[in-house]
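Colleague: Pasting in a structure now, in structure tokens, and then I'll have a few things to ask.
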Amino acid sequence: MSLNVESSESRTLPTLTPLRLLDNAGHAIRSEDAGGFALPEPEILRDIYRRMVVARRFDVQVTALTRQGRLATYPSAFGQEACEIGAVAALDATDWLFPTYRDSIALLTRGVAPSEILSQFRGDWHSGYDPRAHRIAPLATPLATQALHAVGLGHAARLRRDPIVALTFLGDGATSEGDAHEAFNFAAVWQAPTVFVVQNNQFAISVPLERQTRAATLADKAVGYGMPGYHVDGNDVAAMYAVTRHAVERARNGGGPTLVEGLTYRIEAHTTTDDPTRYRESRDVEHWKRRDPIERLEKYLVSDGLLSDEERSSIADEAEALAADTRRAMNVEADHDPLELFEHVYATRRVALGEQRAFLADERDRAAR
Numbered sequence: 126m127s128l129n130v131e132s133s134e135s136r137t138l139p140t141l142t143p144l145r146l147l148d149n150a151g152h153a154i155r156s157e158d159a160g161g162f163a164l165p166e167p168e169i170l171r172d173i174y175r176r177m178v179v180a181r182r183f184d185v186q187v188t189a190l191t192r193q194g195r196l197a198t199y200p201s202a203f204g205q206e207a208c209e210i211g212a213v214a215a216l217d218a219t220d221w222l223f224p225t226y227r228d229s230i231a232l233l234t235r236g237v238a239p240s241e242i243l244s245q246f247r248g249d250w251h252s253g254y255d256p257r258a259h260r261i262a263p264l265a266t267p268l269a270t271q272a273l274h275a276v277g278l279g280h281a282a283r284l285r286r287d288p289i290v291a292l293t294f295l296g297d298g299a300t301s302e303g304d305a306h307e308a309f310n311f312a313a314v315w316q317a318p319t320v321f322v323v324q325n326n327q328f329a330i331s332v333p334l335e336r337q338t339r340a341a342t343l344a345d346k347a348v349g350y351g352m353p354g355y356h357v358d359g360n361d362v363a364a365m366y367a368v369t370r371h372a373v374e375r376a377r378n379g380g381g382p383t384l385v386e387g388l389t390y391r392i393e394a395h396t397t398t399d400d401p402t403r404y405r406e407s408r409d410v411e412h413w414k415r416r417d418p419i420e421r422l423e424k425y426l427v428s429d430g431l432l433s434d435e436e437r438s439s440i441a442d443e444a445e446a447l448a449a450d451t452r453r454a455m456n457v458e459a460d461h462d463p464l465e466l467f468e469h470v471y472a473t474r475r476v477a478l479g480e481q482r483a484f485l486a487d488e489r490d491r492a493a494r
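Residue numbers for the sequence shown follow the numbering used here, beginning at 126 and rising by one.
In structure tokens form, the structure reads like this:
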């Protein structure tokens, strides 16, 4: 008898309370309910708030530019700022980041210029920034492939006794990939200093989470690999920072890998070419808009007298200045040389590749006459 039969039984995943340090109203959680984690210092939270405000303005601006035809497509991280910025803020400058295609604001937070971040989305270069200079691998479009690269770098660092950590982002859909399984398993076996941050925005394009897994949480999967897993409120940046910082320091001190699941929601479409109304309800989007990560942190900072009106105004001005710089950068036409397609393919150029390059060069020269 074939076992390849899909059960018709409907199933709803359990509603499990994720770890929080701030509730939806911006109130600090009592210490006994915070999973042993403490709120980060006020100066850390103020800096993270600034980074999130600037990142959202950048994200909104890039989405608008894409709709104007300045970029081919763009995957927005609107609403996921706490997951991304809380995680990268927990890294040291010498640590490495292995991002996905949705993690542009993480790159921005790590100091990559807007023009370099967006080069890939205009079709100029696969990676418009120097990975070694920023300690950021190229944005990965294939699901979960970058997780294996992060484990490899972390394992190499461990063998060299180099005290760096590799952090990689994955989406909930990526955890269904074989590459993710291999990365989790190898990291645990080798005790690689790697942190896996799963941004569970509840949809793998159009496939909802309950059709991807029967696990109660994605963090539960860590148990099978022999590493800790944390189910965190991904819209609580204080919790995301605290848990990720703990995981980073644990990895740096030889404790091995950790899986951090941030439960969040993708407010915008999968990309600007997607139509999310075909597979999700607008009321769900509105529900998650009321759980906005920036507003939550802002309420806490303001209520505790840690953020003044003058500081908020200054941060808003900084965000607008970055948006203006981004518009100017995207108004500059890229100077493409089609022969660059043949660079950096092989360390030693193959004969066939040289013949193709010569053919294209001849075509280009004839067209210019």
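Each residue gets a CB set at the ideal place from its N, CA and C atoms; glycine is no exception.
This one's a predicted model, so the numbers in the text were calculated from it and none came from an experiment.
Measure the beta-carbon distance from Ile419 to Val185 and round it to whole angstroms, keeping in mind my assumption that it falls under 8 Å.
Modeller: The residue labelled residue 419 in the question sits at position 294 within the sequence shown. The residue labelled residue 185 in the question sits at position 60 within the sequence shown. Not quite, the Cβ-Cβ distance comes to about 12 Å (not below 8 Å), so this is no contact.
Colleague: For Phe328, which residues does DSSP report across the bridge?
Modeller: In the sequence shown, residue 328 corresponds to position 203, counting from 1. BP columns for Phe328 point to Pro333.
Colleague: Considering only residues of the same chain and omitting the five flanking positions on each side of Thr225, which have a CB-CB separation below 6 Å?
Modeller: Sequence index remark: in the sequence shown, residue 225 carries index 100 (1-based). Around Thr225: Ala265, Phe294.
Colleague: In its own chain, which residues sit with a C-beta less than 8 Å from the C-beta of Asn129, not counting the 5 before and 5 after it?
Modeller: In the sequence shown, residue 129 corresponds to position 4, counting from 1. Confidence at Asn129 is low in this model, with a pLDDT of 40, below 50, so its placement is unreliable and no value can be given for it.
Colleague: In terms of residues, what are the limits of the alpha helix (DSSP H) holding His280?
Modeller: Within the sequence shown, residue 280 is the residue found at index 155, counting from 1. That run of the alpha helix (DSSP H) goes 270-285.
Colleague: If you reduce the DSSP assignment to three classes, tell me which class Phe484 lands in.
Modeller: As a first step, residue 484 is located in the sequence shown; it is residue number 359 there, counting from the start. Phe484 falls in the helix class under three-state DSSP.
Colleague: Using only the alpha-carbon positions, how far apart do Ala272 and Gly379 sit?
Modeller: By one-based count along the sequence shown, residue 272 stands at place 147. By one-based count along the sequence shown, residue 379 stands at place 254. Their backbone Cα atoms lie some 19 Å apart in a straight line.
Colleague: So Leu144 and Val357 are supposed to be a Cβ contact under 8 Å. How far apart are they, rounded?
Modeller: As a working mapping, residue 144 is identified with position 19 in the sequence shown. As a working mapping, residue 357 is identified with position 232 in the sequence shown. Yes, Leu144 and Val357 are in contact; Cβ-Cβ is about 5 Å, under 8 Å.
Colleague: Using a threshold of 9 Å, state whether the C-beta atoms of Thr397 and Ser201 are closer than that.
Modeller: Sequence index remark: in the sequence shown, residue 397 carries index 272 (1-based). Sequence index remark: in the sequence shown, residue 201 carries index 76 (1-based). In contact: Thr397 and Ser201 (Cβ atoms closer than 9 Å).
Colleague: In whole angstroms, what is the alpha-carbon distance linking Glu443 and Asp217?
Modeller: Residue mapping note: residue 443 aligns to position 318 of the sequence shown, counting from 1. Residue mapping note: residue 217 aligns to position 92 of the sequence shown, counting from 1. Approximately 24 Å between the Cα atoms of the pair.
Colleague: I need the boundaries of the alpha helix (DSSP H) containing Phe183, first residue and last residue.
Modeller: Within the sequence shown, numbered from 1, the residue matching residue 183 stands at position 58. 167-192 is the extent of the alpha helix (DSSP H) around Phe183.
Colleague: Determine the direct distance from the alpha carbon of Ala281 to that of Leu232, and round the result to whole angstroms.
Modeller: Here the question's residue 232 lines up with position 107 in the sequence shown. Here the question's residue 281 lines up with position 156 in the sequence shown. Distance between the alpha carbons of Leu232 and Ala281 is about 23 Å.
Colleague: Would Met528 and Gly160 be called neighbours here (beta carbons separated by less than 9 Å)?
Modeller: The structure shown does not extend to residue 528, since the chain is modelled only from 126 to 494, so the question has no answer here.
Colleague: Look at Gln324 and Glu209 and say whether their C-beta atoms are less than 9 Å apart.
Modeller: Within the sequence shown, the letter at position 199 stands for residue 324. Within the sequence shown, the letter at position 84 stands for residue 209. In this structure, Glu209 lies closer than 9 Å to Gln324 by Cβ.
Colleague: Measuring CB to CB, does Ala363 end up less than 9 Å from Leu147?
Modeller: Here residue 363 is taken as the residue at index 238 of the sequence shown, counted from 1. Here residue 147 is taken as the residue at index 22 of the sequence shown, counted from 1. Going by C-beta atoms, Ala363 is nearer than 9 Å to Leu147.
Colleague: Contact defined as beta carbons within less than 8 Å: I believe Glu393 pairs with Phe203. What is the distance between those atoms, to the nearest angstrom?
Modeller: As a position in the sequence shown, residue 393 is number 268, starting the count at 1. As a position in the sequence shown, residue 203 is number 78, starting the count at 1. Yes, they are in contact, since the Cβ atoms of Glu393 and Phe203 sit about 5 Å apart, within 8 Å.
Colleague: With DSSP as the reference, please indicate the residues paired to Trp221 in a beta bridge.
Modeller: Counting from one through the sequence shown, the residue named residue 221 turns up at place 96. Trp221 pairs with Ala291.
Colleague: With a CB to CB cut of under 6 Å and the five nearest residues on each side skipped, what residues in its chain are close to Leu360?
Modeller: Here residue 360 refers to the residue found at position 235 of the sequence shown. First, the residue type needs correcting, since residue 360 is Asn and not Leu in the sequence shown. Same-chain partners within the cutoff: Ala207, Thr389, Arg416, Pro418.
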